[in-house]
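In the working numbering, the protein residues as written are 23 to 171.
Now the structure itself:
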């Protein structure tokens, strides 16, 4: 049995993005905004439930908070070339306005029983590495003639 947990979350970010041209190939950018978030499921797992040492955790999403909002921000730099594409290095932050879920943990060991309840925040920082394919322009119409014209 695995002790890994995964949590599904869908979001639609709404950001204001600003580019600053530093020279011909280098751009700095920053964005700030919110994301509308939908959390459809809860999590839970039991590790060694019948053994001497057992650990149980459950994460419950409050049904009133299945739809919430997060603050998000990005800052980074782009190196743009016509032939090779765009290379991006930056960082991001995401901070929910409400907890992801309420987590209940229980540890049992030969008669010893410890239970805790808390809220899981879910804030994070990330380092972003991105590559964008080069822009290619084709000659002629982008639509091919079909059987009906």
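By construction, the Cβ of each residue, glycine as well, lies at the ideal position given by its N, Cα and C atoms.
Shown here, residue 102 sits in a strand according to DSSP, grouped into three states.
For residue 116, the enclosing beta strand (DSSP E) starts and ends at 107–118. When only Cα atoms are considered, residue 46 and residue 112 end up about 19 Å apart.
A direct Cα-Cα distance of roughly 23 Å separates residue 144 from residue 38. The Cβ atoms of residue 55 and residue 35 sit closer than 8 Å to each other.
The shortest CA-to-CA distance from residue 131 to any of 74, 170, 150 is the one to 74.
Rounded to the nearest whole angstrom, the CA to CA distance from residue 149 to residue 160 is 34 Å. Going by DSSP, residue 68 is part of the beta strand (DSSP E) stretching over 65–69.
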